[in-house]
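Colleague: Residues in the sequence shown are numbered consecutively from 1, following UniProt numbering. The beta-carbon is built from N, C-alpha and C at its ideal position, and this holds for glycine as well.
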Amino acid sequence: MGGRPFRSGRAGRSGVADGPSGGDARAAARSRLRHNCRMSLDPAIAARLKRTADGLVPAIVQQYDTGEVLMLAWMDDEALHRTLTTGRATYWSRSRGSYWVKGDTSGHVQHVRSAALDCDGDTILLKVDQVGAACHTGDRTCFDADELTVAPA
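(1) Check whether the segment 74-89 touches the segment 137-150, counting contact only when three or more Cβ pairs, one atom from each stretch, lie closer than 8 Å.
(2) Please state whether DSSP places Pro43 in a helix, a strand or coil.
(3) State the beta-bridge partners of Tyr99 as determined by DSSP.
(4) Using DSSP with H/G/I as helix, E/B as strand and the rest coil, what is residue 199?
(5) Once you ignore the five residues that flank Cys57 on each side, which residues in its own chain have a CB closer than 6 Å to its CB?
(6) Less than 7 Å between C-beta atoms, sequence neighbours within five positions excluded: which residues of the same chain meet that for Arg13?
(7) Which residues in the same chain as Ser40 place their Cβ atom closer than 6 Å to its Cβ, once the five residues preceding and following it in sequence are excluded?
(8) Output needed for Asp120: all residues of its chain with C-beta closer than 7 Å, excluding positions within five of it in sequence on either side, in chain order.
(9) Return helix, strand or coil for Asp104, following the three-state DSSP convention.
(10) Quick one: Cα of Trp100 to Cα of Val131, how far?
(11) Consult DSSP for His81 and reduce its assignment to one of helix, strand or coil.
(12) Does the separation of the CB atoms of Ala73 and Tyr91 fall below 7 Å?
(13) Using DSSP bridges, identify the partner residues of Val150.
(14) What separation, rounded to the nearest whole angstrom, lies between the Cα atoms of His111 and Gly97?
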């Protein structure tokens, strides 16, 4: 990766786009969005991304000052572009088929401090200043559930 984090701006707020309805309509709309958004995301960044078959990249979200892992979400090119240009974490909801800006509904905002790609370009790391809970359950992180038992090494 070369250690080049992508810094996001603080230009304003991003709205949540309405998701298409129906399976075929949803797939067509997502395809159009992905085709069109490649023009808005910096081509150098877009070229480095390795996407799933659905055009998505996992985003790991950490609290910027403690390194606490808060959540994992999914981004496509447009979500990453919105995140980098607004300073607000924007994700693609696989279940709803639409974009969502963390905190627009709950008030639990993620102010993005930095963004980076891993060495393979198949994972995004966002370091954020989390306001309130990161998890939809109301927990601080999505990893506050019961820990799994690990045998001693």
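Modeller: Here's the rundown:
(1) no
(2) helix
(3) Among the bridge pairs identified by DSSP, Tyr99 is matched with Trp92.
(4) An answer regarding residue 199 cannot be provided, because it is not within the stretch 1 to 153 covered by the chain.
(5) The amino acid occupying residue 57 in the given sequence is Val; Cys does not appear at that position. Leu49, Arg51, Met75 and Ile124.
(6) Any reading at Arg13 must be qualified, since the residue scores a pLDDT of 35, below 50, and its modelled position is unreliable; no value is offered.
(7) His81
(8) Contacts found: Lys50.
(9) Note: Asp104 maps to coil in three-state DSSP.
(10) 16 Å
(11) helix
(12) yes
(13) Paired residue(s): none; Val150 is not in a bridge.
(14) 23 Å
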